[in-house]
Amino acid sequence: MNKLDIEEIVRKEIVDTVLKTQEFIVAGNWKMNKTKQEVQSFLNDIKDYDFGSKNTVIVTPPSPYLYLFEEALRYSTVLYGAQNVFPKESGAYTGEVSVDMAKDFGCKYVLVGHSERRSLFGECNEFASKKIRILLQNNITPILCIGENLDQRKYENYKQFLVTQIVEGLSRIEEKEISKVVIAYEPIWAIGTGETASPEQVENLHMFLRNFLVERYGENIGKDVPLLYGGSVKPSNVKELALAQSVSGFLIGGASLDAQTFIEINDILNGK
Ligand code: PGA
């Protein structure tokens, strides 16, 4: 056996061990997709599937379909959440969904500050911070999305931009609550474009964010905040991305819509 063969065998062993032992968060973001019938069919395909107990599997459907998730996933390990809530308890906020409503239907997670909400609906860091506070008050885990666009990446200090998104997004909660928030790094240029950040780019950025969190909030808090990657994650690239350091899981758009593809991604992240 030559040196390259041995290296390949060792690498495969390491990959298998990481995938079989590391705990990942695997969250699907459906955005504004699917009919009721399509939702039912997806749920039928996943509700009895064995996703194992190592990873945390989450789906965030459009809110009108949450009741179907509540019904179908009662005995499943798959968790679900809402894509958005309004940071007030109740009142004259036409068109909005409250945290209580999300909670009523069993949501355990809510996305906050997704780049589409920021760019299409003008949501800012301050608004995200209000949502994060009310979600934590209600024991729902916020998934705070951050990410730079291509121009920022090319011409600006985009790392500082990301840091500001984090600091301002977390500004309304106490330090001890920070490790209850999940952060998803989603470079806007990689969302829905088919263009993924390379494992090296993801690792660099995640290591930078991890160091920043530890420096700013201390070792105990900073090392515990899960850092997800999102942006064109699919079965063909998830394994390499999972090996990047400080990647605690994924926020998956397009590839979470099809039950078999979602299952395939989960199988890979279970080392199957
Ligand atoms: P994508 O979306 O996987 O389709 O790129 C990710 C997201 O927007 O959360």
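Residue numbers (our numbering): 129 to 400. Where is the CB? At the ideal position from N, CA and C, for every residue including glycine.
Nearest-angstrom Cα distance between residue i and residue j?
{"i": "P327", "j": "L369", "result": "5 Å"}
{"i": "I271", "j": "I311", "result": "6 Å"}
{"i": "Q211", "j": "S191", "result": "7 Å"}
{"i": "E331", "j": "R338", "result": "10 Å"}
{"i": "I319", "j": "M129", "result": "43 Å"}
{"i": "K182", "j": "A387", "result": "19 Å"}
{"i": "T269", "j": "I137", "result": "39 Å"}
{"i": "Q329", "j": "S360", "result": "14 Å"}
{"i": "T149", "j": "V143", "result": "10 Å"}
{"i": "Q280", "j": "G180", "result": "39 Å"}
{"i": "A220", "j": "K231", "result": "19 Å"}
{"i": "R245", "j": "N161", "result": "15 Å"}
{"i": "F233", "j": "L263", "result": "14 Å"}
{"i": "F249", "j": "V206", "result": "29 Å"}
{"i": "K400", "j": "K159", "result": "28 Å"}
{"i": "C235", "j": "E135", "result": "45 Å"}
{"i": "L379", "j": "L371", "result": "16 Å"}
{"i": "L132", "j": "V225", "result": "56 Å"}
{"i": "K175", "j": "N285", "result": "44 Å"}
{"i": "T222", "j": "I153", "result": "33 Å"}
Return helix, strand or coil for residue i, following the three-state DSSP convention.
{"i": "F378", "result": "strand"}
{"i": "I301", "result": "coil"}
{"i": "A387", "result": "helix"}
{"i": "A325", "result": "coil"}
{"i": "G209", "result": "strand"}
{"i": "V238", "result": "strand"}
{"i": "T397", "result": "A small correction: the amino acid at residue 397 is Leu; Thr does not occupy that position in the sequence shown. Coil."}
{"i": "Y91", "result": "Outside the modelled stretch of the chain, which goes from 129 to 400, sits residue 91, for which no answer is possible."}
{"i": "Y283", "result": "helix"}
{"i": "F233", "result": "coil"}
{"i": "I319", "result": "coil"}
{"i": "T292", "result": "helix"}
{"i": "S247", "result": "helix"}
{"i": "R139", "result": "helix"}
{"i": "V227", "result": "helix"}
{"i": "V353", "result": "coil"}
{"i": "M129", "result": "coil"}
{"i": "N365", "result": "helix"}
{"i": "N253", "result": "helix"}
{"i": "D176", "result": "coil"}
Using only CA atoms, which one of the options lies nearest to residue i?
{"i": "F336", "options": "K287, E303, K362", "result": "K287"}
{"i": "V167", "options": "V227, A200, I153, F214", "result": "A200"}
{"i": "T188", "options": "F197, S181, G180", "result": "F197"}
{"i": "G381", "options": "L239, I260, F340", "result": "L239"}
{"i": "V146", "options": "A383, G377, T389", "result": "G377"}
{"i": "L171", "options": "S204, N183, K140, I153", "result": "S204"}
{"i": "R261", "options": "P215, G156, A220, Y221", "result": "P215"}
{"i": "V213", "options": "N339, S247, N266, G275", "result": "N266"}
{"i": "E151", "options": "V375, C235, L379, T389", "result": "V375"}
{"i": "I349", "options": "G359, V309, N365", "result": "V309"}
{"i": "P315", "options": "K282, A383, A230", "result": "K282"}
{"i": "F340", "options": "L264, L263, L290, A372", "result": "L290"}
{"i": "K258", "options": "I301, S243, A230, T222", "result": "I301"}
{"i": "Y313", "options": "A383, R344, H242, Y345", "result": "H242"}
{"i": "A383", "options": "V366, R139, Y345", "result": "V366"}
{"i": "H334", "options": "G358, T321, G322", "result": "G358"}
{"i": "G346", "options": "K304, K362, P363, A325", "result": "K304"}
{"i": "P363", "options": "V342, E343, M229, T389", "result": "T389"}
{"i": "Y195", "options": "L371, Y208, T321", "result": "Y208"}
{"i": "T321", "options": "N277, E343, V342", "result": "N277"}
{"i": "N157", "options": "L397, L385, G399", "result": "L385"}
{"i": "G275", "options": "M229, E135, I306, A325", "result": "A325"}
{"i": "C273", "options": "N285, Y237, E284", "result": "Y237"}
Tell me, please, which residues DSSP counts as bridged to residue i.
{"i": "N157", "result": "T188"}
{"i": "C273", "result": "A312"}
{"i": "L341", "result": "Answer is none; L341 lacks a bridge partner."}
{"i": "L171", "result": "Its beta-bridge partners do not exist; DSSP assigns none."}
{"i": "G358", "result": "L379"}
Q) Taking three-plus beta-carbon pairs below 8 Å as touching, is the segment 295-307 in contact with the segment 244-260? A) The segment 295-307 is in contact with the segment 244-260.
Q) How do the segment 388-398 and the segment 347-358 stand: do at least 3 beta-carbon pairs fall below 8 Å, yes or no? A) no
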